[in-house]
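The structure appears right after this line, and notes come after that.
There are 2 protein chains.
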Amino acid sequence: MEEQDELGERKARVLRAIVEEYVRTGEPVGSQTIAEGYDLGVSPATIRNEMAALEELGYLDHPHTSAGRIPTDRAYREFVNSLPAAGRLGQAQSRAITDFFAPTVLDLEEALRGATQLLSKLTRYAGLALPPSITDERVAHVELVGIGSAIMVLVVGQHGRVDKRVLDRPDGLDDRLLLGLSGNLASVLGGLTVAEAKARALQMALEASEPDRVLLTVLADAFGELNVGEGTDHVLVGGVANLASEAEAWHRETIHRLIEALERESEMLQLLREAASSEDLSVMIGGEHPSTGQWEASVVAAPYRAGDTSLGTIGIVGPTRMDYLTAISTVRAVARRISELATSLGQPR
Amino acid sequence: MEEQDELGERKARVLRAIVEEYVRTGEPVGSQTIAEGYDLGVSPATIRNEMAALEELGYLDHPHTSAGRIPTDRAYREFVNSLPAAGRLGQAQSRAITDFFAPTVLDLEEALRGATQLLSKLTRYAGLALPPSITDERVAHVELVGIGSAIMVLVVGQHGRVDKRVLDRPDGLDDRLLLGLSGNLASVLGGLTVAEAKARALQMALEASEPDRVLLTVLADAFGELNVGEGTDHVLVGGVANLASEAEAWHRETIHRLIEALERESEMLQLLREAASSEDLSVMIGGEHPSTGQWEASVVAAPYRAGDTSLGTIGIVGPTRMDYLTAISTVRAVARRISELATSLGQPR
DNA sequence: GACAAGCACTCTGCCCGTTGGAGTGCTAAA
DNA sequence: TTTAGCACTCCAACGGGCAGAGTGCTTGTC
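Line order of the protein sequences matches chains G and D. Heads up: the first sequence at position 50 corresponds to 49 in numbering that gives the first Met the number 0, and the numbers run straight through without jumps. Heads up: the second sequence at position 155 corresponds to 154 in numbering that gives the first Met the number 0, and the numbers run straight through without jumps.
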């Protein structure tokens with residue numbers, strides 16, 4: 000925290016120019032390129048002086064003596080912070096987003112899945128989406144279904160999320176019995192959170208007589224598992240292929256770790272959850288976060304809401320050398336449309 | 000179809016040696032290497048003659064005059080066909096498979112998801128699984144749930160597969176009404192195929208009076224959509240990261256297309272469906288199939304069954320330069336265990 | 001004092017010729 | 001039919017030389 004944002008007007012402009020140029024070309028950028036391409040009204044020599052100063056301050060790096068400069072994570076951060084709050088979106092991009100949301104989609108998860116594709120197509124990075132967690136939702140419906148020698152517990156959240164647990168079927172519980180109990184469950188447990196539903200089921204078990212009792216205990220178990228979240232929440236990912244082809248930006252080892260993490264989900268889950276609790280769009284750049292640091296990547300994510308309550312997050316992952324401007328405006332625009340959709344879906348009519 | 004499998008004993012042995020060596024090292028292999036490493040009892044010169052003949056026959060290729068030989072797709076095919084029917088599995092591999100199936104899993108889809116991970120870990124390629132298609136299954140349960148301004152139709156298959164469709168809610172259908180109809184559906188539609196269920200729902204719509212009539216029509220629509228299969232069937236994929244790190248074997252463009260195809264699913268779906276209808280394990284090598292040809296990959300897949308009926312497929316994708324021996328035995332072993340699991344899950348008790 | 005111009009210096013990337021080695025293909029002998 | 005020998009081919013690796021891009025510093029100028 001030295002020189003708190005006060006780089007001086009010109010240093011800031013030079014820095015921005017370098018970042019833009021480097022993002023565009025991927026090559027270390029020299030003073031001359033900047034002097035020619037971005038009219039700062041000064042000579043290469045002056046720019047060199049500024050560059051040296053910026054390097055001193057930790058914003059730039061040198062692969063070797065006589066090479067151009069490369070932005071550090073810190074430079075990207077400065078760059079992102081200095082970005083105008085409302086980035087403009089290209090004509091084509093806006094069109095694509097509008098088109099995507101034109102047909103009526105009624106299933107939020109479906110929409111999110113599509114949104115990851117949309118994001119990846121627009122940014123050329125990988126698209127991410129964190130659907131609403133069932134632990135935050137209220138239960139809309141509960142159903143018990145016999146599947147061979149097991150019982151399936153189906154839980155539907157108010158936002159249309161469906162989760163299931165399959166548990167061992169205790170002896171002597173035929174499908175008819177399940178059906179009978181199922182009928183009541185919806186009205187009894189509807190509107191409760193998962194945690195509350197578990198408690199309620201346990202309580203009912205105490206009061207019930209034998210055939211139902213064991214069944215309600217099983218049900219409570221299922222809610223318990225859902226609440227712990229083991230394997231409950233997932234991250235939707237789209238456009239991983241883009242990462243593979245963008246791979247010049249990464250070491251082989253690094254991209255391997257990134258894709259692995261995308262499959263394992265847990266780290267992304269955490270990252271996106273953090274972003275979900277943020278008020279506005281958030282950007283994590285490389286080393287700023289242990290996870291993104293590990294795979295030399297940046298994440299741009301924004302929460303989406305139904306009305307006032309935050310439901311989840313959408314975003315993208317890409318190399319730290321990222322086109323933050325369009326990434327940010329794209330994520331923001333898509334998040335807004337998803338929010339509108341989620342809000343309208345929540346409205347009973 | 001020339002020289003139908005009759006290469007002659009020695010040519011066949013030379014070919015197998017070359018394939019093994021190339022798979023192991025990834026480098027073009029020369030006559031001397033073969034003479035030293037694989038005791039065929041002949042000199043390098045003789046092997047060179049055989050190599051020339053094999054090249055003539057289309058089994059080998061030459062990057063340039065003075066380089067070693069590289070197997071063609073045809074060579075891999077010959078190699079795979081000549082493999083002993085029952086490949087032995089390594090100690091560690093067997094152990095891993097046993098361990099994986101040790102805990103009781105009750106959810107087939109869950110098990111399949113895990114199996115893709117298992118396969119990818121054991122083979123270092125990407126694991127695939129095709130879950131049972133709901134169109135082939137019989138309906139175990141149907142449920143209508145109101146979600147805000149929409150209706151969710153939940154369909155549970157006999158093997159525990161859950162599918163949902165969200166449709167517009169016609170006016171004047173409150174949740175109570177949905178619940179009322181839901182109660183009967185399970186018993187009326189249970190045991191039918193999706194197509195039959197659609198017909199039945201339509202028929203019931205004709206006979207019903209007004210509030211239910213429109214609802215049953217909606218229901219029939221949902222079944223219709225399920226049956227067409229648009230977005231209904233999915234391929235489970237695990238271990239894509241392995242492909243990225245194995246990337247030396249591929250051109251960047253090619254691996255991009257492969258990962259893209261894995262996300263798009265449609266091509267893989269088709270491939271795995273073909274494999275599902277096959278009696279035993281099937282191997283598709285590079286150019287033998289338009290899809291695998293396009294991304295210079297091979298697919299090893301085997302169907303799994305409950306009792307006698309084929310439910311789906313598990314398998315792997317990797318570069319054509321693949322360790323077919325362990326790939327095949329691994330896939331076969333996992334398929335068998337999945338079959339056992341599926342069979343036992345199907346058994347009502 | 002800030003900017004610009006000039007200049008020496010440094011490092012990379014590339015071209016290119018050379019060389020060693022791996023591998024083939026052919027021929028002739030066993 | 002096999003194999004030993006040999007000439008030939010081609011690549012990959014090494015190293016020198018060169019051009020170019022870029023820096024840092026010093027000096028001059030407004």
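Quick reminder that beta carbons are idealized off the backbone N, C-alpha and C, glycines included.
For alanine 139(G), at least one C-beta of chain D is nearer than 8 angstroms to its own C-beta. Taking the beta carbon of isoleucine 254(D) as reference, the chain G residues within 7 angstroms of it are Ala243, listed in sequence order.
Contact check for alanine 248(D) and arginine 320(D): beta-carbon distance about 6 angstroms, within the 8 angstroms limit, so the pair qualifies. Residue pairing by DSSP places isoleucine 150(D) opposite Gly145(D), Leu166(D) in a beta bridge.
Annotation: the continuous beta strand (DSSP E) that includes isoleucine 315(D) extends over 308-318.
Under the three-state reduction of DSSP output, alanine 85(D) falls in the coil class, being neither helix nor strand.
Against chain G, the beta carbon of isoleucine 46(D) has no neighbour under 8 angstroms; the closest one sits roughly 35 angstroms away. Shown here for isoleucine 133(D): same chain residues with a beta carbon closer than 7 angstroms to its own, the five before and five after excluded, namely Val154, Gly156, Arg160, Asp162, Val193, Leu225, Thr231 in chain order. Between the segment 236-248 of chain G and the segment 184-198 of chain G, the count of C-beta pairs closer than 8 angstroms stays below three; the two stretches do not touch. When secondary structure is reduced to three states using DSSP, valine 104(G) falls in the coil class, being assigned neither helix nor strand. The C-beta of valine 316(G) comes no closer than 8 angstroms to any C-beta of chain D. For isoleucine 69(D), the CB contacts under 6 angstroms within the same chain, skipping 5 residues up- and downstream, are Pro27, Asp60 in chain order. Under the DSSP assignment, isoleucine 46(G) falls in the alpha helix (DSSP H) whose first and last residues are 43-55.
Across the structure, valine 144(G) and threonine 325(G) are spaced so that their CA atoms are roughly 47 angstroms apart. Comparing alpha-carbon positions, the option among Ser65(G), Glu77(G), Gly36(G), Asp211(G) lying closest to glutamate 287(G) turns out to be Glu77(G).
Annotation note: the segment 238-306 of chain G contains the following uninterrupted alpha helix (DSSP H) runs of length 4 or greater, listed N- to C-terminal: 239-244, 251-263, 265-276, 289-293. Rounded to the nearest whole angstrom, the C-alpha separation of alanine 219(G) and histidine 140(D) is 21 angstroms. According to the DSSP assignment, leucine 14(G) belongs to the alpha helix (DSSP H) that extends over 8-24. Cα atoms of isoleucine 337(G) and aspartate 307(G): separation of roughly 13 angstroms, rounded to the nearest angstrom.
Interface with chain G (8 angstroms Cβ-Cβ cutoff): glycine 113(D) is excluded. For alanine 128(G), the enclosing beta strand (DSSP E) starts and ends at 125-129.
Per DSSP, arginine 335(G) is one residue of the alpha helix (DSSP H) stretching across 323-345. At least one CB of chain D lies nearer than 8 angstroms to the CB of arginine 251(G). Contact of methionine 267(G) with chain D is not assigned, every C-beta pair being separated by 8 angstroms or more. Around alanine 185(D), the beta-carbon contacts reaching into chain G at under 7 angstroms are Leu178. In the three-state scheme derived from DSSP, where H, G and I count as helix and E and B as strand, valine 138(G) is classed as strand. Interface flag for leucine 105(G) against chain D is set, since a Cβ pair is found closer than 8 angstroms. Of all residues in the segment 146-160 of chain G, only Ile146, Gly147, Ser148, Ala149, Met151, Leu153, Val155, Gln157, His158, Gly159 place a beta-carbon less than 8 angstroms from a beta-carbon of chain D.
Buried is the label assigned to aspartate 106(D), since at least 16 other Cβ atoms lie within 10 Å of its Cβ. Contact check between the segment 253-260 of chain D and the segment 265-275 of chain G: fewer than three CB pairs, one atom from each, fall below 8 angstroms, which does not count as touching.
Within 7 angstroms of the CB of aspartate 307(G), no CB atom of chain D is found; the nearest one sits about 16 angstroms away. The straight-line gap separating the alpha-carbon atoms of leucine 177(G) and threonine 312(G) is approximately 37 angstroms.
Under the DSSP assignment, alanine 74(G) falls in the alpha helix (DSSP H) whose first and last residues are 72-80.
Contact residues of the segment 20-41 of chain D toward chain G are absent (C-beta to C-beta distance below 8 angstroms). At least 8 angstroms separates the beta-carbon of alanine 114(D) from that of alanine 91(D).
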